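Converting from the sequence shown to the working numbering requires adding 220 to each position, the first position being numbered 1. Encoded as C-alpha coordinates, the structure appears first; notes follow it.
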Amino acid sequence: MHNERHSERLSDEELELFVQYLHRFANHDVDISVRMEAGDPEHPVYVLFGRDYPPVGDPSDYPRPFADRRPSTSTADINDGG
(Lines of atoms letter the chains of each structure in order from A; the text may use other names.)
(Lines give C-alpha, C1' and ligand atoms only; values in the text may rest on other atoms or scores of the structure.)
Protein backbone atom coordinates (compact mmCIF):
# COMPACT_ATOMS: atom_id res chain seq x y z
CA MET A 221 0.00 0.00 0.00
CA HIS A 222 1.49 3.32 -1.06
CA ASN A 223 0.56 6.60 0.57
CA GLU A 224 2.15 9.96 -0.20
CA ARG A 225 1.60 11.03 3.43
CA HIS A 226 3.93 8.50 5.10
CA SER A 227 6.19 11.33 6.22
CA GLU A 228 3.33 13.07 8.09
CA ARG A 229 2.05 12.43 11.61
CA LEU A 230 -1.52 11.24 12.01
CA SER A 231 -4.08 13.90 12.81
CA ASP A 232 -6.11 13.43 16.00
CA GLU A 233 -9.02 12.15 13.89
CA GLU A 234 -6.77 9.71 12.01
CA LEU A 235 -5.28 8.45 15.27
CA GLU A 236 -8.75 7.77 16.68
CA LEU A 237 -9.71 5.91 13.49
CA PHE A 238 -6.47 3.91 13.69
CA VAL A 239 -7.27 2.87 17.26
CA GLN A 240 -10.82 1.90 16.25
CA TYR A 241 -9.45 -0.20 13.39
CA LEU A 242 -6.83 -1.69 15.70
CA HIS A 243 -9.56 -2.84 18.13
CA ARG A 244 -11.52 -4.38 15.24
CA PHE A 245 -8.36 -6.06 13.93
CA ALA A 246 -7.58 -7.47 17.39
CA ASN A 247 -11.13 -8.74 17.84
CA HIS A 248 -11.50 -10.37 14.43
CA ASP A 249 -8.08 -11.13 12.94
CA VAL A 250 -5.79 -12.03 15.85
CA ASP A 251 -6.29 -15.67 16.71
CA ILE A 252 -3.22 -16.30 18.88
CA SER A 253 -0.61 -13.88 17.54
CA VAL A 254 0.33 -11.78 14.52
CA ARG A 255 3.82 -10.44 13.87
CA MET A 256 4.62 -7.76 11.31
CA GLU A 257 7.12 -5.14 10.24
CA ALA A 258 5.87 -1.61 9.57
CA GLY A 259 7.15 1.88 8.91
CA ASP A 260 10.26 2.99 7.08
CA PRO A 261 12.08 -0.06 5.66
CA GLU A 262 15.41 1.45 6.73
CA HIS A 263 14.15 1.98 10.31
CA PRO A 264 11.35 -0.56 10.74
CA VAL A 265 9.06 -1.04 13.68
CA TYR A 266 8.41 -4.64 14.67
CA VAL A 267 4.90 -5.25 15.98
CA LEU A 268 3.53 -8.26 17.81
CA PHE A 269 -0.16 -8.65 18.54
CA GLY A 270 -0.80 -11.54 20.87
CA ARG A 271 -3.32 -13.06 23.21
CA ASP A 272 -0.68 -14.29 25.66
CA TYR A 273 -1.72 -14.00 29.25
CA PRO A 274 -0.33 -12.78 31.48
CA PRO A 275 1.37 -10.13 29.37
CA VAL A 276 5.11 -9.59 29.56
CA GLY A 277 5.68 -7.11 32.40
CA ASP A 278 2.99 -5.50 34.47
CA PRO A 279 -0.52 -5.21 32.95
CA SER A 280 -0.52 -1.52 33.91
CA ASP A 281 2.28 -1.06 31.33
CA TYR A 282 -0.40 -1.53 28.64
CA PRO A 283 -2.80 1.42 28.84
CA ARG A 284 -5.86 1.52 26.59
CA PRO A 285 -5.65 4.39 24.10
CA PHE A 286 -8.07 7.24 24.79
CA ALA A 287 -9.35 5.58 27.99
CA ASP A 288 -9.17 8.99 29.65
CA ARG A 289 -11.59 10.37 27.03
CA ARG A 290 -14.35 7.80 27.49
CA PRO A 291 -17.63 9.34 28.62
CA SER A 292 -18.30 8.86 32.28
CA THR A 293 -21.08 6.45 33.14
CA SER A 294 -21.33 7.85 36.64
CA THR A 295 -24.24 10.11 37.51
CA ALA A 296 -22.59 11.30 40.70
CA ASP A 297 -21.74 14.97 40.96
CA ILE A 298 -18.02 15.68 41.38
CA ASN A 299 -18.94 18.25 44.05
CA ASP A 300 -20.65 15.66 46.28
CA GLY A 301 -17.55 13.46 46.49
CA GLY A 302 -18.75 11.03 43.81
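All C-beta atoms, glycine included, are put in the ideal place defined by N, C-alpha and C. Keep in mind that this is a model prediction, so the values were computed, not measured.
Strand pairing of residue i, partner residues [DSSP]
i	result
A258	V265
S280	BP columns for S280 are empty, so no partner.
S253	G270
Residues near residue i by beta carbon distance below 7 Å, same chain, minus five either side
i	result
D272	none
V254	F269
H248	none
Same chain, Cβ closer than 8 Å to residue i, neighbours up to 5 away in sequence not counted
i	result
Q240	none
A246	F269
6 Å CB neighbourhood of residue i in its chain, flanking five on each side removed
i	result
P309	In the structure as shown, the chain begins at 221 and stops at 302. Residue 309 is therefore absent and cannot be evaluated.
E224	none
R229	none
Supposed close pair residue i, residue j - CB separation, criterion 8 Å
i	j	result
F286	E233	12 Å between Cβ atoms; not a contact.
A258	V265	5 Å
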